[in-house]
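To start, the structure itself, in structure tokens.
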Amino acid sequence: MANARATTSRARSAIFAPIGDEGRAVRVENRLAEAIRSGVLADGDRLPSELELAQMLGVATVTAREALVSLRAQGLVVTTRGRGGGSFVRAPDPGDIVKGRLATMSRVELRDRASLYQVVLTGCAELAAERAAPDEVEDLQDLLIPLGGDDVGRWRDAESELYLSVAALTQSARLTREVVRQEADFGTLLRVPLSESDFRHASAARHRALVAALEAGDVAAARGSVRDHVTHAVERLTEIHEVVRP
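The opening position of the sequence shown corresponds to residue 768 in my numbering, with each subsequent residue numbered one higher.
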């Protein structure tokens, strides 16, 4: 997955772009937490040091330190001392996300969040089709998993990587960070149905259609493939939601 990880380099750059006037610990904390929950920062990734983080984000070192303390308290970061030490990402358990968030979410809220997610992602697909260079789109092929694969975790990671990469192809750091936020807020829930083989196969077809549309610079097809996928995922997630709610 080395090439696949490389396709999100712009997304990672957006995460570590200067905070600017929002230079408070909570802003740093939220941006990093969203990056972890969305998968931009993967489990086991080593974070920059406090000093490096402060310099990259344009905040005081004490601000970066406070943010890391909070992330450790949330269980999203673990810090070790000594040689080879540092702060490392600890990704949350997808199962906890399902039990903790989906079960307590109303149907109205589920639909509302899905609407925002769809608007943002379809817009990104449209811009990516207009702006992406052919070699950049070619890198997305590495994220298309063969249909025979049954590693659900790998499917979920690859889909998240795909949409984050599409966002990065818009060439907008602000929009890329918004997709990171949406992935952390709703994307993880939208991947729950990937545990089902039939849904994975249907998703694979839509992902391939998206990449083909981006390669052709077909704005309407790129937008349509994302819209179709989100629509089908939300329909299945709604059915699952009715089962898991108390």
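We put the CB at the ideal spot given by N, CA and C, even for glycine.
Secondary structure at T937: coil, using DSSP grouped into helix, strand and coil. Relative to G852, the option among G842, G811 and A881 whose CA is nearest is G811. Setting aside the 5 residues that flank it on each side, E893 is surrounded in the same chain by V986, A989 and R990, each with a C-beta closer than 8 Å to its C-beta; the list follows chain order. The alpha-carbon of L914 is positioned some 43 Å away from that of R850. Annotation: the continuous alpha helix (DSSP H) that includes V793 extends over A792 to S805. Proximity of the stretch 878-897 to the stretch 934-942 meets the contact definition, three or more beta-carbon pairs being nearer than 8 Å.
Beta-bridge annotation (DSSP): F783 is not paired with any residue. Considering only A925, V978 and P859, the residue with the shortest C-alpha distance to R967 is A925. Q841 has its alpha-carbon roughly 14 Å from the corresponding atom of V795.
Under the three-state reduction of DSSP, G851 is assigned to coil, being neither helix nor strand. A Cβ-Cβ separation of about 6 Å places L981 in contact with A899 under the 8 Å criterion. Remark: C-beta atoms of A834 and L808 do not approach each other more closely than 8 Å.
Excluding five sequence positions before and after E945, the CB atoms of its chain that fall closer than 7 Å to its own CB belong to V887, given in chain order. With fewer than 16 neighbouring CB atoms inside 10 Å of its own CB, Q908 falls in the exposed class.
Between the alpha carbons of L877 and E950 lies a distance of about 14 Å. DSSP, reduced to helix, strand and coil, places V826 outside both helices and strands of the structure shown, so it counts as coil. The C-alpha of A983 is placed about 45 Å away from the C-alpha of T846.
With at least 16 other beta carbons inside 10 angstroms of its own, P960 counts as buried.
R958 and S854 have their C-alpha atoms some 28 Å from each other. The shortest CA-to-CA distance from D965 to any of G916, R813 and S882 is the one to G916. Contiguous alpha helix (DSSP H) elements confined to the stretch 942-990 occur at 964-983, taking only those with 4 or more residues.
For T889, the enclosing alpha helix (DSSP H) has its first and last residue at R874 to R898.
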